[in-house]
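Have a look at the structure below before the remarks.
Protein chains in written order, with full-length UniProt numbering: chain X, 1 to 203; chain E, 1 to 180.
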């Protein structure tokens, strides 16, 4: 987590992004007639404005940035699924190595009232520096939850506290935000990696 | 008057604590031979109740909750029930069950606790039954342990230090991931 490797991989990531954009633009020009004949609606299409764990704006465009993404909806008061999934995302990204440099990964909270950007940052960056925490106003989180067809429901606990029932799968999203499938909770890591490699190959 | 009551209560707790802390250990050796395969060092015996493979998962920074897991065997002839849990490091500890409903993870507090039928083993494991520690003051750190107290309807109360395994551990044996 030293500064240098982070910067290095950021720089590398940016160069790759530029490369991908260049190739992507070329391909898009070639494929444009077909694409416009059969428009692909981005999966999480909706008018939401959120913030990432550094306070930067996150909108639908963030998930259609030209890079494929892994997107998980969770919360920090989550005893098991969220830390496990975050940890598994970290191991997938580690296993992919440079192959996965082009992959974005997001942890979107379904509990924005308790998950501030600062809280999320320490939480999501503990197992990996590759996952971005996303939170925002409750009304905006409600919009993204509905746009992504995610289930998120507040459940009261006996001590006045509450927990959330929530979709436990990781979404695989193409470079233009197109839905490419999910990874189930605790899916075998080989299967999960296979799905991610597929996503990268298609992107 | 008030002081005397407080002192009496404190003394009572101290005695209870000592009893709970040492009584199970004294019994521990008697219970081990009963099932050959789990001749492990940390089987805890409280009357007819045996607790084995207890572990908590390490928590991420800012996560105010943690999960505790174990297997509980009722070796007696009478049904028992796990009815309560507490931990020094947590504001509250509850008995919970989670289950995947399609791809939705649902979690519920089990207000009646967990039934422990005579002669059976019940497993508290990731993805299912667990002790949920809430309002934890500091992260659970792998390799450390957290003081936990469990209350059974018939067997009474037991306290022990639950080892903390990795964030995504499936067992007390430090095997953290990809083990399935």
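A virtual CB, placed ideally from N, CA and C, is assigned to each residue, including glycine.
**Request:** Indicate the three-state DSSP secondary structure (helix, strand or coil) for residue 60 of chain X in the structure shown.
**Result:** helix
**Request:** Compute the beta-carbon to beta-carbon distance between residue 46 of chain E and residue 146 of chain E, rounded to the nearest angstrom, for a pair I have assumed lies under 8 Å.
**Result:** That belief does not hold up - the Cβ atoms of residue 46 of chain E and residue 146 of chain E are roughly 18 Å apart, past 8 Å.
**Item:** Three-pair Cβ contact test at 8 Å for the segment 84 to 91 of chain X versus the segment 143 to 160 of chain X
**Value:** no
**Message:** Between residue 63 of chain E and chain A, is any beta-carbon pair separated by less than 8 Å?
**Reply:** Checking the listed chains, one finds no chain A in this structure; the protein chains it contains are X and E.
**Message:** Measuring CB atoms only, is the segment 107 to 123 of chain E touching the segment 67 to 83 of chain E, in the sense that at least three cross pairs come out at less than 8 Å?
**Reply:** yes
**Asked** Skipping 5 residues on each side, what residues in its chain have a beta carbon closer than 7 Å to that of residue 82 of chain E?
**Response** 72, 95, 113, 114, 116, 150 and 152
**Item:** Burial state of residue 132 of chain X, where buried means 16 or more other Cβ atoms lie within 10 Å
**Value:** buried
**Asked** Tell me the DSSP bridge mates of residue 70 of chain E?
**Response** E/124
**Item:** Opposing strand residues paired with residue 147 of chain E [DSSP bridges]
**Value:** E/161
**Asked** Taking 8 Å as the CB-CB limit, is residue 186 of chain X close to chain E?
**Response** yes
**Where residue 141 of chain E falls, given that 16 or more other Cβ within 10 Å makes a residue buried** = exposed
**Request:** Below 7 Å CB to CB, which residues in the same chain sit around residue 1 of chain X once its five sequence neighbours on both sides are set aside?
**Result:** At residue 1 of chain X, the pLDDT of 43 sits below 50, so the modelled position is not reliable and the matter cannot be decided from this model.
**Request:** Counting only the same chain and skipping the five closest in sequence on each side, list residues whose C-beta sits under 6 Å from that of residue 108 of chain X.
**Result:** 73 and 134
**Message:** Bridge partners for residue 133 of chain X per DSSP, in chain order?
**Reply:** X/107
**Prompt:** What residue range is occupied by the uninterrupted beta strand (DSSP E) comprising residue 87 of chain X?
**Reply:** Here residue 87 of chain X belongs to no beta strand (DSSP E); instead the alpha helix (DSSP H) covers 81 to 96.
**Request:** Give the C-beta separation of residue 84 of chain E and residue 135 of chain E to the nearest angstrom, bearing in mind that I take them to be a contact with Cβ-Cβ under 8 Å.
**Result:** Contact doesn't hold; Cβ gap of about 16 Å is too wide.
**Request:** Tell me, please, whether the CB atom of residue 48 of chain X is closer than 8 Å to any CB atom in chain E?
**Result:** no
**Request:** Give a yes or no on whether the C-beta atoms belonging to residue 77 of chain X and residue 126 of chain E are separated by under 8 Å.
**Result:** no
**Prompt:** Do three or more CB pairs link the segment 96 to 111 of chain E to the segment 178 to 190 of chain X at distances below 8 Å?
**Reply:** yes
**Asked** If you measure beta-carbon to beta-carbon, which residues of the segment 79 to 104 of chain E are closer than 9 Å to chain X?
**Response** 91, 92, 94, 96, 98, 100, 101, 102, 103 and 104
**Asked** By Cβ distance below 7 Å, which residues in the same chain neighbour residue 169 of chain X in space, the five residues on each side in sequence not counted?
**Response** 182, 183, 184 and 185
**Request:** Output, in chain order, the set of chain E residues within a Cβ distance shorter than 9 Å of residue 113 of chain X.
**Result:** Neighbours of residue 113 of chain X on chain E: none; closest Cβ ~14 Å, over 9 Å.
**Message:** Let me see if you follow: with CB-CB separation under 8 Å, is residue 151 of chain E close to chain X or not?
**Reply:** no
**Asked** Could one say the Cβ of residue 196 of chain X lies closer than 8 Å to chain E's Cβ atoms, at least one of them?
**Response** no
**residue 116 of chain E - containing beta strand (DSSP E), residue span** = 114 to 116
**Asked** Hey, out of X/114, X/160 and X/100, whose CA is closest to residue 109 of chain E's CA?
**Response** X/160
**Asked** From the beta carbon of residue 159 of chain E, is the nearest beta carbon of chain X less than 8 Å away?
**Response** no
**Item:** Contacting positions in the segment 85 to 119 of chain X - beta carbon closer than 8 Å to chain E
**Value:** 86, 87, 88, 91 and 119
**Message:** When you compare the CB of residue 163 of chain X with every CB in chain E, is at least one pair closer than 8 Å?
**Reply:** yes
**Cα-Cα separation between residue 9 of chain X and residue 155 of chain E, rounded to whole angstroms** = 57 Å
**Asked** Which first and last residues belong to the alpha helix (DSSP H) in which residue 46 of chain X is found?
**Response** Careful: residue 46 of chain X lies outside any alpha helix (DSSP H) and carries neither H nor E.
**From X/166, X/162 and X/127, residue whose alpha carbon lies closest to that of residue 146 of chain X** = X/166
**Request:** Output yes if chain X places a C-beta closer than 8 Å to the C-beta of residue 126 of chain E; else output no.
**Result:** yes
**Request:** Return helix, strand or coil for residue 84 of chain E, following the three-state DSSP convention.
**Result:** strand
**Message:** Against chain E, with Cβ distances strictly below 8 Å, would residue 167 of chain X count as a contact?
**Reply:** yes
**Item:** Range of the contiguous alpha helix (DSSP H) that encloses residue 145 of chain X
**Value:** 138 to 147
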